[in-house]
Structures are given as C-alpha cells and as structure tokens.
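Chains as they are written, first to last, in this note's numbering: chain F, 627 to 922; chain E, 91 to 203. Each residue gets a CB set at the ideal place from its N, CA and C atoms; glycine is no exception. Just so it is clear, the structure is predicted and the values come from calculations on it, not from any experiment. Below is one structure, written out as structure tokens, with a few remarks after it.
Dropping the structure here:
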C-alpha cells in the first residue's frame with residue numbers, strides 16, 4: 627500500500643517487486659480523482675470508479691428526495707483510525723502463534739547499529755535456531771544483502787515514500803519468505819523513532835535500540851517509541867569511554883516513559899551484552915514453541 | 091505522528107461508511123484524538139484537507155475532540171491526569187504510571203447528506 631495515500635501499489639517494493647493493493651471489499655467506491663491530485667503523483671495499476679457529473683436525487687441518505695426536506699443526518703462511526711492495520715497485525719500474530727514463531731520488531735533512529743547487531747546475532751545463533759529477517763528501508767536492498775551474506779534468508783521491503791512498515795506489508799513478506807515452524811523472525815523497521823510506534827506488525831515485542839552516540843534524552847524526545855517497546859538495547863557501549871554520554875541517565879529517561887522497560891547494554895564490536903540479549907531471545911523462542919504446543 | 095497515513099485511514103473509514111450507509115456527502119467529521127496519541131492536530135487538519143479533495147468528504151469540516159491523558163498511579167492507587175508520556179504523577183511525583191486514557195484515535199461521528 628502506498629503510505630502517502632493508502633490506495634496505490636506503485637511505491638512499496640518487497641524483494642524488488644511491487645506490493646499489490648490491499649484486499650478491498652467488492653464494489654468499493656473510489657471518489658478521488660487521482661489525475662488532478664497534486665499530493666498524489668504516482669501511477670496506478672488498478673481501475674477507479676468515478677462518479678463525475680452524476681446527480682442522483684434518490685441516492686441521498688434517506689433514499690428519497692422531497693423538496694424542502696433535508697436529508698442530512700448523523701452517522702455514528704466509532705472506529706479506530708488504525709483499525710485496518712490492527713486487523714492485519716492480528717492476522718500476523720495468529721499465524722505466528724500457530725507456527726511457534728517468535729517475532730521481534732526492531733526500531734531505532736537511522737545509524738543506531740541495528741543491522742550490525744542483527745548480523746552478530748544471526749552469526750551467534752547459527753546452527754541453533756532457524757531464523758529469517760525482514761528488512762525495512764525507504765530505498766535500496768543493502769541491508770537485506772548484508773543479512774543474506776550471513777546465510778540467513780532475508781527479504782527487503784522498500785517503503786518508497788513511507789516512513790514505517792505496516793502490518794499488511796509484513797504479512798505479505800512473511801508469506802513470501804516461507805517461515806519455518808518454531809523459528810525466529812527479526813523485523814528491522816525503517817530507521818525512525820516516530821511512526822513505527824503506532825503500527826503494530828503482529829510482533830511479540832518491539833525492541834528499541836538507542837546508541838550511545840545519540841543523546842540521553844532521546845526517550846523523552848520520542849516517548850511513544852520507548853513506551854511501545856518492551857526491551858531497550860543501549861548499543862555501541864564500547865564507545866562509552868570516549869563520549870560524554872551518561873548511560874545511567876539514558877536508562878532513567880527510558881524508565882520515565884516506560885517504568886517496565888528492560889534494558890541490556892550491548893556492543894556488536896566488543897560483544898558486551900550479547901549473551902544476555904541471546905538468552906532473552908532464546909527464552910522468547912521457547913515461550914513461542916510452548917504456546918504452539920498448547921494451540922496445536 | 092504520521093498524520094498523512096492517519097488522514098488516509100479516516101478517509102477510508104468514511105468511504106466504507108458511505109458505501110454501507112448510502113450517503114454521498116459528508117459535511118462534518120468528528121474525530122476523537124487523545125492527548126497522548128502523538129497526533130499533531132494542526133498537521134492532521136492540513137493532511138485531512140489534502141486527502142479528502144475530490145472525495146465524498148471534500149470540504150468537510152473537521153471537528154477534533156481532544157480527550158485528556160489519564161494514567162493510573164501505582165503509588166497513589168488512583169487515576170491522575172497527565173499531559174505527556176514522560177510526566178510524573180502530579181500528586182506524588184512517581185514515574186510508576188500506567189496510561190489508561192488519551193491514546194485514542196477514532197472517527198466518532200459524521201454529519202452526512
């Protein structure tokens with residue numbers, strides 16, 4: 627789905643192929659005239675129905691028209707704006723639970739060291755766990771290529787103009803990857819501490835990565851994300867001796883927005899904290915496996 | 091947060107309702123936006139106007155009902171009002187707060203014809 631307008635397919639790529647439009651109810655009407663829409667410059671493959679120049683006096687809300695009688699009325703809606711994404715996320719979550727797959731949604735600013743940490747994680751778990759990776763970036767296949775170099779299957783989603791992954795994109799990528807039962811799915815979201823907080827992908831946990839080359843106050847500046855995460859990896863800790871970064875303050879700030887957040891100090895370079903991080907992943911995988919046996 | 095996507099979500103809900111309930115014009119849209127939802131109301135208005143152009147909701151008035159941020163303080167064992175996610179309890183200063191309200195983003199009602 628095009629994240630700018632939500633109705634097109636020309637922007638999002640999964641593994642280099644255009645994402646087909648989301649499933650739509652039959653005979654859904656489109657009222658937008660795309661040809662003249664300045665905020666919406668891309669081409670569409672699908673057809674739109676337009677109702678240019680149609681005046682139907684019997685088509686009003688009351689189903690009839692009488693002069694002098696207003697057809698205005700109030701319609702109760704009470705629907706969450708993110709309901710559509712949430713329903714796709716629930717589908718993903720159900721699939722993951724039924725197959726005993728432990729899925730993590732890794733979120734951070736660009737440049738926090740997510741991909742390097744993932745590469746080290748995959749190398750450490752090699753031969754022990756089956757795993758797959760979904761990479762989200764606006765453009766390029768670079769990150770998926772880095773993951774594939776480790777031997778793990780990886781699929782790149784290019785969000786085009788979009789700034790986050792949504793549950794529909796991830797569901798399609800999951801189908802395309804062909805996930806193993808009782809495996810680990812690592813989803814590296816687009817580097818962005820704002821929007822991904824609001825879009826549930828169906829994961830077990832969001833993991834926020836904050837590197838020590840950023841500011842201690844990031845959790846306060848971007849509270850939605852640190853609130854949505856269950857685990858924070860304080861990354862690049864090998865650089866702490868060279869920086870004025872106050873790690874205690876960063877952790878305290880994260881706990882201000884999310885008192886329950888767990889924190890692990892990590893470094894992909896020195897290996898610090900990797901054992902604890904891997905233990906946390908293994909525990910999650912065991913829980914997913916046990917859950918499948920109960921479901922099954 | 092991501093107001094353009096959210097505005098599209100609003101339009102989709104309106105279009106689904108237009109199809110299901112057979113109306114052809116929306117005059118007013120009431121949105122309920124929680125104080126802690128991370129939505130910039132002015133950005134939402136801007137995006138909404140752009141997104142609904144040439145739609146059933148073109149020119150519709152956007153009424154935003156802002157709901158207050160609420161949290162349960164584990165220390166005081168009571169509901170308190172908060173303005174931001176990093177706020178402390180106004181009574182005891184604790185950070186042990188569980189947000190209980192104010193993160194909603196909902197299309198509440200439409201005035202249609």
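> How would you call residue 809 of chain F, buried or exposed, if buried means at least 16 neighbouring beta carbons within 10 angstroms?
Replying inline: buried
> At least one CB of chain E closer than 7 Å to the CB of residue 846 of chain F: is that the case?
Replying inline: yes
> Listing by chain order, which chain E residues have their CB less than 7 Å from the CB of residue 704 of chain F?
Replying inline: 196, 198
>> If contacts are defined as beta-carbon pairs under 8 Å, then residue 638 of chain F and residue 784 of chain F qualify, I think. What distance do you get, rounded to the angstrom?
In response: 7 Å
> Taking Cβ-Cβ distances below 9 Å as the criterion, which residues of the stretch 830-855 of chain F are in contact with chain E?
Replying inline: Listed by position along the chain: 845, 846, 849, 850, 852, 853.
>> Are the CB atoms of residue 200 of chain E and residue 142 of chain E within a distance shorter than 7 Å?
In response: no
> Among F:710, F:703, F:723, F:707, which has the Cα closest to the Cα of residue 917 of chain F?
Replying inline: F:723
> Listing by chain order, which chain E residues have their CB less than 8 Å from the CB of residue 863 of chain F?
Replying inline: Within chain E, no residue comes near residue 863 of chain F; the closest Cβ sits about 24 Å away, beyond 8 Å.
>> If the criterion is Cβ atoms closer than 7 Å, does the pair residue 111 of chain E and residue 701 of chain F meet it?
In response: yes
> Beta carbon of residue 781 of chain F, beta carbon of residue 910 of chain F: below 7 Å?
Replying inline: Cβ distance not < 7 Å, so residue 781 of chain F and residue 910 of chain F don't count as in contact.
> What's the gap between the Cα of residue 725 of chain F and the Cα of residue 744 of chain F?
Replying inline: So the alpha carbons of these two residues sit roughly 22 Å apart.
> Who does residue 728 of chain F pair with in a DSSP beta bridge?
Replying inline: F:810
> List, in order along the chain, the chain B residues whose C-beta lies closer than 8 Å to that of residue 128 of chain E?
Replying inline: Checking the listed chains, one finds no chain B in this structure; the protein chains it contains are F and E.
> By the criterion of Cβ-Cβ separation under 8 Å, what are the contact partners of residue 700 of chain F in chain E?
Replying inline: 199, 200, 201, 202
>> Closest to residue 186 of chain E by C-alpha separation, out of F:889, F:794, F:791, F:880, would be which residue?
In response: Distances from the alpha-carbon of residue 186 of chain E to those of F:889, F:794, F:791, F:880 put F:880 closest.
>> Considering just the uninterrupted stretch of the alpha helix (DSSP H) at residue 850 of chain F, what are its terminal residues?
In response: 849-854
>> I'd like to check one pair, residue 750 of chain F with residue 846 of chain F: are the Cβ atoms closer than 7 Å?
In response: For residue 846 of chain F and residue 750 of chain F, no; Cβs fall outside 7 Å.
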